[in-house]
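Protein chains in written order, with this note's numbering: chain X, 1 to 257; chain C, 258 to 514; chain D, 515 to 819; chain V, 820 to 1124.
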Amino acid sequence: MSYTASELMIVAAARALAGTRTVFVGVGLPNIACNLARRTVAPDLELIYEAGVYGARPARLPLSIGDPTLVTGATAVVSQADLFGLYLQGGLVDVALLGGAQIDRFGNLNTTVIGDYTRPKVRLPGSGGACEIAANARRTFMIMRLKRRAFVNALDFVTSPGHLEGGASRQRLGLPGGGPALVITDLALFDFDNPEREMQLIATHPGVSVDQVCAEIAWDLRLASHVTETPAPTADELRIVREELDPEGTYRGREPV
Amino acid sequence: MSYTASELMIVAAARALAGTRTVFVGVGLPNIACNLARRTVAPDLELIYEAGVYGARPARLPLSIGDPTLVTGATAVVSQADLFGLYLQGGLVDVALLGGAQIDRFGNLNTTVIGDYTRPKVRLPGSGGACEIAANARRTFMIMRLKRRAFVNALDFVTSPGHLEGGASRQRLGLPGGGPALVITDLALFDFDNPEREMQLIATHPGVSVDQVCAEIAWDLRLASHVTETPAPTADELRIVREELDPEGTYRGREPV
Amino acid sequence: MTDKRCSMREAIARYVHDGMSVAIEGFTACICFAAGHEIIRQRRRNLTLIRMTPDLIYDQMVAAGVASKMIFSYLGNPGVGSLNAIRRAVEHGVPAPLELEEYSHYGMVGRYIAGATRLPFFPLRSYLGSDMPRANPLIRMVEDPYGGAPIAVVPPLNPDVAVIHAQRADVSGNTQLWGLIGSQKEVAFAARRRIVVVEEIVDEAVIRADPNRTLIPGLIVDAVVHEPYGAHPSYAQGYYDRDNQFYLAWEELSQEHERIVAWLDAWVYGVPDRAAYLEKLGAARLAQLKPAPAPAGVVDYGAYQ
Amino acid sequence: MTDKRCSMREAIARYVHDGMSVAIEGFTACICFAAGHEIIRQRRRNLTLIRMTPDLIYDQMVAAGVASKMIFSYLGNPGVGSLNAIRRAVEHGVPAPLELEEYSHYGMVGRYIAGATRLPFFPLRSYLGSDMPRANPLIRMVEDPYGGAPIAVVPPLNPDVAVIHAQRADVSGNTQLWGLIGSQKEVAFAARRRIVVVEEIVDEAVIRADPNRTLIPGLIVDAVVHEPYGAHPSYAQGYYDRDNQFYLAWEELSQEHERIVAWLDAWVYGVPDRAAYLEKLGAARLAQLKPAPAPAGVVDYGAYQ
């Protein structure tokens, strides 16, 4: 069964959420991944949106993180003071899904500028909630396309802290959350399960070689002791994504891999 | 027309609220005084209760500061975090009414202990909200019976700051509110309108002599340049108190002066 | 959705142990006397009792000997007088000494907020010029990095257990409160374990029909106890009034320790649970406390499909 | 009770002046485009625009040349793409340079809270390990007086004027919101002047029937503007949906400054007020945005007499 790169990313993210209770999420791929997880590997998963929503039950595919369909029928809708203070900073977010324009080997993220901060070549959106999400969530998963200009040696700007300079540097600074745990891309998966907390390849997607992955990464990529192959999406996973979660194909893409 | 000492205190407090917009209030005499003010000299007066109520419209005489009759029909009911943070500390309280077991010449109040803090002779209620009310309200009015054991030279414990050591000492410490402005007792009225911010006699109640007042005060009492006589309650004021606000006489007392 | 319902007996047995810190909050409203009585019945000892206004509930618990320490901000029988049992413990060590840790109201609220939001401290414009920081060295000062005057701070407070009384919840603990909400939300998020006690268990759909009223998500709730009139003699807005008669009687009754002991024998130890307490109280007395209806009106969230 | 109703034209003329700082808040929901357009029409200049998510409203205002500075936390067309006019101002100084003062979302919320509660700073667990404090020296550190690690703080923010869009208010400005309440309450209390814009003016009794929903008291409100659909193309929960078609069209339209100028001529300068804008938009388009009903259900506050 053929599938798109986006579909594979959705499925990989959903599987990684197995058993998770709460996830801090935005719209688009992450939202679909979380809803897929709830229908498959994480039936108790509750979605938290920075707009102030806990336990959303959207009646349609939400088009923005503040879509009114996220409000109607939700478990709780709260002020952003409470969302960031009680839910996020209070330590109730198990996993947060983040993206970025640039990521480095320790999972630090840039969503602020390309170029110099005061005279940027490209002005990006900025932090939004990402800086505090990265600090407080128990674990963060990154979802990004694997591209050499994104997986860089040195960020132009550190918006959201990952494992900082690696090792115990994150804990030493007193960041309460555990930091980056997984990077999900269109070509491969990475984790940080080594003492240096450095991004390492754990799985390539079907048909992708390790060399292809390395070619898209600016630094000398570390490989896990066993690099596996990501299992392809199952028919059931694809059916849920295509028929239930994104029937109009807004986010899942159209080009098969 | 005869009246009780409590009725005179209620009336004096109500008159002092002329033109006031917001008052931070407890139950009992202060509550009745505020409701009298709203019916006479301060039609726009809104009552704020530390329980979290703004703009109460009680359908009966409230028996505690958290009486449910204060909630039903109120303009707003909020968390105590918001009540103390947004309303009080935010600077929206024009006048606060406070009481105490001891007061000194600068309007500092003790509601904590008589005797030593760690081995008290009498354990009093403590601050409640009084400490921050005294710090943040634009002006505070004290309502107390005039007794020598209450109007003391040195407090056993400073619970709520008044004008501290007098003069500019309150401003120097950075307290945002203006501090004590008026003391309403069963024998006389006092203000602090002098550079030393020291309590001074401004009016004696009908039939009370200055000597009687001085006899109930531990320190050498300062007199305002013109000490007047408190006008007796009017028939209309007494009617509102007796017929509308406290028909069962719970708070207004029974012994005529 | 996990069904977390259990009896009060089970909830206390499971989550409240000797030596723990316990917060039964509710400012004048929704004070869970049912939980306090069950803690007395199960003869817990050396508890640290946390509450802004100890009210009659802690007066009873202190007289019963469950507590060795209290963290609070106002010691009074609201609208009536003193808390005589607590005063006896503090002034005369009867039935046992009681250590006090004392704040102002906003200081207590701030401690809950700092505890709930994992902050090292909560800043507030209070305590300057007061003796309270001398009496309690946990009230400290912080410099303003923007050049203003120093400001007082209080440290986080994370009770081992919080008991929250509310109007309604679903079986998994998604909880809605209205009327005086006090600091119920803050203490719930600050605590390590949370027991929610409600007047009504409602369907999840009732909660989801008005998500802005959900102050406590089931996510953080460990036990849901369905205990109608569990806040008597305090009140639950819309369900019953404060039993002021009891508050007045307590002022008299609590003058002597022995009379409280007798009262506890009759009304706490002498009844197995809240249902028996209510039966003893009598339906007529409860009926008197019932308010006339005052519906809130309906708002529309809109169905976005 | 003072009647504070006035037209949007009067409200902006009276309270928004050149050089002021203005916050039109509302997180995705209840963004008061009507106020933004009136500010453009009245040709205000050198405003500091404050908003967590500038959204299309500030993209339009920056393109129109009203702003010289922006304080914000996320620059994006939510769910769609970039804010092209703001990017042009920042990257190329078109139509004029725009100074940026940048925080994270929680930092902005914290600035509002500190402003609203007269605190010298708001502490939050963010910014450590980020370059944001280097880019913005107003983000500072404070030592923990209880011996923990230092914590980041942000200073208070007190906009000269806040514009709050909400579902309903009474004539004196007692305001109720539901759905995403964002930081509307915090920014309202933080501001020096507040303009409330509502879908419906209701009787005071409607407000008093559900006091827990009153987030902004009339006490702090300077003007009440009745402006149905005043948040279009954003939405008001229960009243209308987001006009996503417009958000998608803006991504395309805003690619060139000249096209925005033409759009402003047609939709802002070319109409005298919101009523004319809505007429131009057409009743059919508005009707499409109407959700089916989803009533919240009723709670009872009880009449205590």
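In this text, a Cβ means the ideal position worked out from N, Cα and C, and glycines have one as well. All values reported here derive from a predicted model rather than from experimental measurement.
{"Item": "In chain order, which beta strand (DSSP E) runs of at least 3 residues are fully inside the segment 1039-1068 of chain V?", "Value": "1042-1045"}
{"Item": "Would you say residue 429(C) lies against chain V (beta-carbon separation less than 8 Å)?", "Value": "no"}
{"Item": "Measure the Cβ-Cβ separation of residue 314(C) and residue 1027(V) and say whether it is below 8 Å.", "Value": "yes"}
{"Item": "Would you say residue 1011(V) lies against chain C (beta-carbon separation less than 8 Å)?", "Value": "no"}
{"Item": "Report the rounded CA-to-CA distance for residue 349(C) versus residue 1123(V), giving the unit in angstroms.", "Value": "28 Å"}
{"Item": "Give the interface partners of residue 314(C) over in chain V, defined as CB-CB distance under 9 Å, in chain order.", "Value": "1027"}
{"Item": "Leaving out the 5 sequence neighbours to the left and right, which residues in its chain are closer than 6 Å to residue 285(C) when beta-carbon positions are compared?", "Value": "508"}
{"Item": "Going by alpha carbons, who is nearest to residue 1070(V) out of 878(V), 830(V), 990(V), 833(V)?", "Value": "878(V)"}
{"Item": "Using the C-alpha atoms, what's the distance from residue 704(D) back to residue 373(C)?", "Value": "33 Å"}
{"Item": "Shorter than 8 Å from the beta carbon of residue 755(D) to some beta carbon of chain V?", "Value": "yes"}
{"Item": "In chain order, what residues of the segment 931-957 of chain V put their CB closer than 7 Å to some CB of chain D?", "Value": "937, 938, 939, 940, 942, 944"}
{"Item": "Can you tell me which of 134(X), 44(X), 169(X), 203(X) puts its alpha carbon nearest to the alpha carbon of residue 84(X)?", "Value": "134(X)"}
{"Item": "Would residue 457(C) and residue 475(C) be called neighbours here (beta carbons separated by less than 8 Å)?", "Value": "no"}
{"Item": "Note down, in chain order, each residue of its chain lying with its Cβ closer than 7 Å to the Cβ of residue 175(X), except the 5 sequence neighbours on either side.", "Value": "135, 161"}
{"Item": "Opposite residue 229(X) in the DSSP bridges: which residues?", "Value": "204(X)"}
{"Item": "Excluding the five sequence neighbours on either side, which residues of its own chain have a C-beta within less than 6 Å of the C-beta of residue 842(V), listed in chain order?", "Value": "869, 978, 981, 1006"}
{"Item": "Is there at least one Cβ from chain D nearer than 8 Å to residue 402(C)'s Cβ?", "Value": "no"}
{"Item": "Could you check the C-alpha separation between residue 837(V) and residue 912(V) for me, to the nearest Å?", "Value": "20 Å"}
{"Item": "Any beta carbon from chain D within less than 8 Å of residue 73(X)'s own beta carbon?", "Value": "yes"}
{"Item": "Kindly indicate which residue of 638(D), 641(D), 644(D), 633(D) has the alpha-carbon position closest to the one of residue 945(V).", "Value": "633(D)"}
{"Item": "Consider the Cβ of residue 1036(V): report whether some Cβ of chain C lies at a distance smaller than 8 Å.", "Value": "yes"}
{"Item": "Rounded to whole angstroms, what's the CA-CA distance from residue 679(D) to residue 724(D)? Just pull it up for me.", "Value": "19 Å"}
{"Item": "Under the three-state reduction of DSSP, which class applies to residue 398(C): helix, strand or coil?", "Value": "strand"}
{"Item": "Consult DSSP for residue 791(D) and reduce its assignment to one of helix, strand or coil.", "Value": "helix"}
{"Item": "Chain V beta carbons: is any one of them nearer than 8 Å to that of residue 346(C)?", "Value": "yes"}
{"Item": "Would you list, in sequence order, the uninterrupted beta strand (DSSP E) runs of no fewer than 3 residues that lie entirely inside the segment 967-1046 of chain V?", "Value": "970-973, 980-988, 1012-1020, 1033-1035, 1042-1045"}
{"Item": "Is it buried or exposed, residue 1003(V), if we count other Cβ atoms within 10 angstroms and call 16 or more buried?", "Value": "buried"}
{"Item": "Looking at chain C, is there any beta carbon in it that lies within less than 8 Å of the beta carbon of residue 983(V)?", "Value": "no"}
{"Item": "Spatial neighbours of residue 1045(V) within its chain, please: CB distance less than 7 Å, with the 5 preceding and 5 following residues excluded, ordered by chain position.", "Value": "824, 1017, 1020"}
{"Item": "Under the rule that 16 or more other beta-carbon atoms within 10 Å means buried, what is residue 193(X), buried or exposed?", "Value": "exposed"}
{"Item": "Could you name the residues of the same chain whose beta carbon sits closer than 6 Å to that of residue 994(V), not counting the 5 residues immediately before and after it, in chain order?", "Value": "985, 988, 1015, 1035"}
{"Item": "In three-state DSSP terms, what is residue 410(C)?", "Value": "coil"}
{"Item": "Would you say residue 187(X) lies against chain D (beta-carbon separation less than 8 Å)?", "Value": "no"}
{"Item": "For residue 68(X), would you say it is in contact with chain D, using Cβ-to-Cβ distances shorter than 8 Å as the test?", "Value": "yes"}
{"Item": "By how many angstroms is the C-alpha of residue 623(D) removed from the C-alpha of residue 557(D)?", "Value": "29 Å"}
{"Item": "Counting only C-beta atoms, is residue 925(V) closer than 8 Å to chain C at any point?", "Value": "no"}
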